[in-house]
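Peer 1: Residue numbers (the numbering used here), protein chains in the order written: chain A, -14 to 272; chain B, -14 to 272.
Ideal placement from N, C-alpha and C gives every residue a C-beta, glycine not left out.
Quick one: structure below, then a few questions.
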């Protein structure tokens, strides 16, 4: 009775996790070997356009709102008054768009090493780049780690690490050494947020290690927020916040409730609930 | 670059939604054509055992806690004092196990038309049937709709419809007529809960229709609660509660916070948050 997928499907196999996710594809729109990665864009039948990097699903039109809203709004509302925001990675510009919805933000710098990702987003995901002309936005295409190293001490309010998985080009973004560098450039009261993979697959590995590494890097509070993400392994994803002299387990609830900007997923109640981990995660992290 | 799955994978294709989910299988444990459906059990590499009915994933060892906890605890805590509980379907006994964790419950009757499902659960999912000998539990194998028809007026506190998808054998469980029959057997202050498919795929179809049908059937409050469920279409699922003279948007928060029974997912905060739908769902349901 097992069904078989024919050649009209894009499949990503999550080998170590024994699962796979597939989307039915109409045709391929783009195929490019950049200096950094293999970039593909497909038109799918039901998820709109699909961006793939090195064989891994990055985003689709249909469900990217979940990831982009959760990588931005919880971090920005956890900060008392975020004015200076930095995004490492995030070349598709979806996180940038969400950050720019916060009127108090004065400047956002996005540093992605690969301009081809942004070019592909401009061409195939126009909704994601719709705020790129905002005068508060600065787009740089260079090595994010080097950029952080050249950044003055205590100059950033919120640092968003919107990276690919912690294998390959982004591996360095999950190390204690990098987290220490991030800690250095954050102002007192500042915070960082990093995508931290699947609650089901990675709680006692990547998530636990990242939280420990954040502590070792000097951060004094940490919070992992789970959220649904259909196209990522297990369909369930997370981001992890770390605060420097601020408690990332609290946030500006009144401001979040009063915010009128367009969104599809983020709610005050969802933010509050995401700060309380399911018991199975609590147990794994306490072990 | 598209990867291809070889014969060692079980794949379920969600045709109308253009997506598919696959689990790597070690071997098949069971294959049976019951009088009602095709029942298969596989051993997977990373999700434990997998039960499949008519080609659709029903549950795995690894992630069934999400569904079973969300089909039981929100409904039971939304009721003021649930003593008499009925489960239509639910033959794997996972929902029954969760219901029996509530000490105030005096009797739970589970009515599944197909005894083969419970036999398979006894053999391959022993954790799910561990409470079946509880003296408060009654297991019946007959037509749930007929059972409801023979049930006296206003005799049930909580009715849980733990069915397969609204196509095939379970189609009748999603109709207004059936919902009216459910309404009849519920006491004043009683409520029902039904699995209601994917927030991403079904908000403006099955979920919207079910909520409207519940209203037409006489229920005076309704709430749809989303939750993650990796093995179901889109990895994101929902249940919908409907109250008869009770507001299913509130619940016994103090009792839920004080409860000490074992669980992996359910939290008071998660319950509260699940009652506030993501904006995209709110918009689709209001249209």
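#1: Between the region 1 to 28 of chain B and chain A, which residues of the former have CB atoms less than 7 angstroms from a CB of the latter, in chain order?
#2: Kindly indicate which residue of 66(A), 43(A), 227(A) has the alpha-carbon position closest to the one of residue 198(A).
#3: Name the chain B residues that come within less than 7 angstroms of residue 61(A), Cβ to Cβ?
#4: Determine the chain B residues that contact residue 271(A) at a beta-carbon separation under 8 angstroms, and present them in chain order.
#5: Can you find a CB in chain B that lies within less than 7 angstroms of the CB of residue -2(A)?
#6: List the residues that DSSP assigns as beta-bridge partners of residue 213(A).
#7: Just tell me which of 46(A), -7(A), 187(A), 104(A) has its CA closest to the CA of residue 24(A).
#8: Nearest-angstrom Cα distance between residue -14(B) and residue 216(B)?
#9: Would you kindly work out how many angstroms separate the C-alpha atoms of residue 203(A) and residue -4(B), rounded to a whole number?
#10: Could you name each continuous alpha helix (DSSP H) segment of 4 residues or more that falls completely within the region 21 to 109 of chain B, going from the start of the chain to the end?
#11: Measure the beta-carbon distance from residue 237(B) to residue 62(B) and round it to whole angstroms, keeping in mind my assumption that it falls under 8 angstroms.
#12: Going by DSSP, which residues form a beta bridge with residue -3(B)?
#13: Should residue 87(B) be counted as a contact of the ligand SAH given a C-beta to heavy atom distance under 6 angstroms?
#14: Measuring only between beta-carbons, confirm whether residue 44(B) sits less than 7 angstroms from chain A.
#15: On the criterion of 16 or more Cβ atoms from any shown chain inside 10 Å, does residue 279(A) qualify as buried, or is it exposed?
#16: Are the region 92 to 106 of chain B and the region 19 to 33 of chain B touching, with three or more C-beta to C-beta distances below 8 angstroms?
#17: Just the Cα atoms here: how many angstroms apart are residue 257(B) and residue 261(A)?
#18: Which partner residues of residue 175(B) appear in the DSSP bridge assignment?
#19: In chain order, what residues of the same chain have a beta carbon less than 8 angstroms from the beta carbon of residue 242(B), not counting five sequence neighbours either side?
#20: Tell me the residue span of the beta strand (DSSP E) that contains residue 261(A).
#21: What is the rounded straight-line gap between the Cα of residue 117(A) and the Cα of residue 79(A)?
#22: Can you list the residues of chain A that residue 142(B) reaches, using a CB-CB cut of under 8 angstroms?
#23: DSSP three-state call for residue 206(B): helix, strand or coil?
Peer 2: Once the coordinates are examined:
#1: Listed by position, the residues of the region 1 to 28 of chain B near chain A (Cβ gap below 7 angstroms) are 2, 3, 4, 5, 6, 7, 8, 9, 23, 25.
#2: Closest option to residue 198(A), Cα to Cα, is 227(A).
#3: Chain B residues near residue 61(A): none, gap ~17 angstroms exceeds 7 angstroms.
#4: Under the 8 angstroms cutoff, chain B gives no residues; its nearest Cβ is about 14 angstroms from residue 271(A).
#5: Closer than 7 angstroms: yes.
#6: 221(A)
#7: 104(A)
#8: A caution first: residue -14(B) carries a pLDDT of 42, below 50, which makes its placement in the model too unreliable to give a value.
#9: 45 angstroms
#10: 49 to 63, 79 to 84, 100 to 109
#11: 5 angstroms
#12: 6(B)
#13: Among the components of this structure there are no ligands whatsoever, and the ligand SAH is therefore not found.
#14: no
#15: Outside the modelled stretch of chain A, which goes from -14 to 272, sits residue 279(A), for which no answer is possible.
#16: yes
#17: Rounded to the nearest angstrom, the two C-alpha atoms are 11 angstroms apart.
#18: Residue 175(B) pairs with 229(B).
#19: 253
#20: Boundaries for residue 261(A): no beta strand (DSSP E) harbours it, and the DSSP string shows neither H nor E there.
#21: 10 angstroms
#22: Going along chain A, no residue has its Cβ under 8 angstroms from residue 142(B), so there is no contact; the nearest lies around 26 angstroms.
#23: Of the three classes helix, strand and coil, the one that applies to residue 206(B) here is strand, per DSSP.
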